[in-house]
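Engineer:
In the working numbering, the protein residues as written are 170 to 308.
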């Protein structure tokens, strides 16, 4: 995997409040906030978050120059079951492609390039979260 596709760095916002994150949905929402801030800091413009339709939900839709980016966020407390970015398999990829088409049909946004990214957030007690951004994670 090329280094221009994968960036792994601590979140600069400071230690996480993981101690206050009690449920899986709280953990996911916490990770999505960290991911949105990370993407914004990286120069992307977030257009939509947690967009829902009958087929599911898109975590983040952003613009990166001319590219429209559909971003799946996976958050974990530990890597015992694998790194968060490894949690997006073929079934999820297929669903994200369908959701991207639904989002495009519902919005007046066009782009010469569509891209699917995955952001993994590893939250750690008393330390900044570790954010991994996999650009163009799948076609």
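Where a beta carbon is used, it is the ideal one built from N, C-alpha and C, also for glycine.
With 16 as the cutoff for other CB atoms within 10 Å, does residue 186 come out buried or exposed?
Structural biologist: Along the chain shown, read from residue 1 onward, the residue named residue 186 stands at position 17. Only weak support is given to the placement of residue 186: the predicted model assigns it a pLDDT of 47, under 50, and the value that follows is read from those uncertain coordinates. By the neighbour-count rule (16 or more Cβ atoms within 10 Å), residue 186 is not buried but exposed.
Engineer: How many angstroms separate the CA atom of residue 209 from the CA atom of residue 215?
Structural biologist: As a first step, residue 209 must be located in the chain shown, where it is residue number 40. As a first step, residue 215 must be located in the chain shown, where it is residue number 46. Rounded to whole angstroms, residue 209 to residue 215 spans 7 Å at the Cα level.
Engineer: Measuring straight from C-alpha to C-alpha, what distance separates residue 264 and residue 293?
Structural biologist: Numbered from its first residue, the chain shown carries residue 264 at position 95. Numbered from its first residue, the chain shown carries residue 293 at position 124. Answer to the nearest angstrom: the Cα atoms are 29 Å apart.
Engineer: Within the chosen definition, does the region 237 to 254 reach the region 217 to 224 through at least 3 CB pairs nearer than 8 Å?
Structural biologist: no
Engineer: How would you call residue 276, buried or exposed, if buried means at least 16 neighbouring beta carbons within 10 angstroms?
Structural biologist: Taking the first residue of the chain shown as position 1, residue 276 is located at position 107. Residue 276 should be labelled exposed.
Engineer: Just verifying my parser: in three-state terms, what is the DSSP assignment at residue 200?
Structural biologist: Counted from its first residue, the chain shown places residue 200 at position 31. In this structure, residue 200 counts as helix in the three-state DSSP scheme.
Engineer: Quick one: is residue 304 buried, meaning 16 or more other Cβ sit within 10 Å of its Cβ, or exposed?
Structural biologist: Along the chain shown, one-based indexing puts residue 304 at 135. By the 10 Å Cβ count, residue 304 comes out buried.
Engineer: Ignore the nearest five residues each way along the sequence and tell me which others in residue 282's own chain have a CB closer than 8 Å to its CB.
Structural biologist: On the chain shown, position 113 is the one that residue 282 refers to. Excluding positions up to five away in sequence, the list reads 235, 236 and 237.
Engineer: Grab me the residues of residue 200's own chain with a C-beta within less than 6 Å of its C-beta, minus the 5 sequence neighbours each way, in chain order.
Structural biologist: Locating residue 200 in the chain shown gives position 31, counting from the first residue. Around residue 200: 242, 244 and 290.
Engineer: Determine the extent of the alpha helix (DSSP H) in which residue 302 is found, giving its start and end residues.
Structural biologist: Sequence index remark: in the chain shown, residue 302 carries index 133 (1-based). Here residue 302 belongs to no alpha helix (DSSP H); instead the beta strand (DSSP E) covers 296 to 307.
Engineer: If residue 219 and residue 233 are in contact, beta carbons under 8 Å, what's the gap, nearest whole angstrom?
Structural biologist: Here residue 219 refers to the residue found at position 50 when the chain shown is read from its first residue. Here residue 233 refers to the residue found at position 64 when the chain shown is read from its first residue. Actually they do not touch by this definition, with Cβ atoms about 19 Å apart.
Engineer: Give the straight-line distance between the Cα atoms of residue 254 and residue 206, rounded to the nearest whole angstrom.
Structural biologist: Here residue 254 refers to the residue found at position 85 when the chain shown is read from its first residue. Here residue 206 refers to the residue found at position 37 when the chain shown is read from its first residue. One C-alpha to the other measures close to 18 Å.
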